[in-house]
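Scroll down for the structure; my scribbles are underneath it.
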Amino acid sequence: MSVRVKICGLTRVEDIEAAVKAGADALGLVFYEPSPRSVSIVQAAELARHVPAFVAVVGLFVNPTKDEVREVLDRVPLDLLQFHGDESAEFCAQFGRRWIKAIRVRQGREIQAAFTDYSQASGLLVDAWDPDRFGGTGQSFNWDLIPSDRPMPLILAGGLSSDNVSRAVEQVKPWAVDVSGGVEQSKGIKDIEKISDFIKEVHRVCKTD
Ligand SMILES: O=C(O)c1ccccc1N[C@@H]1O[C@H](COP(=O)(O)O)[C@@H](O)[C@H]1O
60 MSVRVKICGL
70 TRVEDIEAAV
80 KAGADALGLV
90 FYEPSPRSVS
100 IVQAAELARH
110 VPAFVAVVGL
120 FVNPTKDEVR
130 EVLDRVPLDL
140 LQFHGDESAE
150 FCAQFGRRWI
160 KAIRVRQGRE
170 IQAAFTDYSQ
180 ASGLLVDAWD
190 PDRFGGTGQS
200 FNWDLIPSDR
210 PMPLILAGGL
220 SSDNVSRAVE
230 QVKPWAVDVS
240 GGVEQSKGIK
250 DIEKISDFIK
260 EVHRVCKTD
């Protein structure tokens, strides 16, 4: 089995370099101001300069305006857009870029509905539901709700860390895992050792499968 790893919410060049060195497949930059991991366009452009070929730069948005996304795309070389709010499929698809849709899961039927509603996405990211926040909560959810039959790549997120990611990968068998809070020392500041331990765990469990 092979499971890709996205490290999200990077704000410092040293964290980008550590994640790349540890073997991350994708790096997330948050363009959502209320988040403590939010980066400005100038910061993001500088961070993206440190990402080598074959590692994807993902821009995370929550209910942005069209102009906000366009402004970022004009100035930051993003490989993929991640929509983590209540965006419609039409909204997500209008930028001529590959995109993934994140949903916050309460019931299994929400996942099935999203497979239909966002059928043009490059992947569906499933995260924990929280009444007050759109994501990055550090909370996990009931993985039994995730169907094994999937028409598109499924990205598992929500409260992952090196302590639970091997169990998550074994049970869910996702296309990829996405982590933010579980590899931090404080909000927005990543912990190099935690990043390395997380990716090692994913690679270890993939090898034994
Ligand atoms: O990271 C954030 O602050 C954030 C804010 C708003 C929406 C999504 C956000 N992050 C994403 O949330 C999930 C789960 O994060 P965690 O590992 O539980 O901390 C992940 O996809 C992040 O990319």
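The sequence shown lines up with residues 60 to 268 when you count with my numbering. Where a beta carbon is used, it is the ideal one built from N, C-alpha and C, also for glycine.
What whole-angstrom Cβ distance do residue i and residue j have, given they're in contact under 8 Å?
i: residue 180; j: residue 159; result: 6 Å
i: residue 195; j: residue 68; result: 6 Å
i: residue 261; j: residue 224; result: 6 Å
i: residue 79; j: residue 110; result: 7 Å
i: residue 251; j: residue 77; result: 4 Å
i: residue 157; j: residue 184; result: 13 Å between Cβ atoms; not a contact.
i: residue 221; j: residue 253; result: 7 Å
i: residue 100; j: residue 128; result: Wrong, their Cβ atoms sit about 11 Å apart, outside the cutoff.
i: residue 219; j: residue 199; result: 7 Å
So the candidates are the options; which of them puts its Cα closest to the Cα of residue i?
i: residue 87; options: 112, 73, 120; result: 120
i: residue 143; options: 177, 209, 208, 133; result: 177
i: residue 74; options: 101, 263, 243, 268; result: 243
i: residue 150; options: 206, 122, 137; result: 122
i: residue 209; options: 234, 145, 92, 94; result: 234
i: residue 65; options: 241, 263, 264, 268; result: 241
What residues are listed by DSSP as bridge partners for residue i?
i: residue 118; result: 88, 140
i: residue 187; result: 164
i: residue 61; result: Paired residue(s): none; residue 61 is not in a bridge.
i: residue 147; result: BP columns for residue 147 are empty, so no partner.
Ranges of the alpha helix (DSSP H) found wholly within the stretch 192 to 267, counting only runs of at least 4:
Within the stretch 192 to 267, the complete alpha helix (DSSP H) segments at least 4 residues long are 224 to 231, 251 to 267, listed from N- to C-terminus.
So within the stretch 66 to 91, which uninterrupted alpha helix (DSSP H) runs reach at least 4 residues, ignoring any that extend past its ends?
72 to 81
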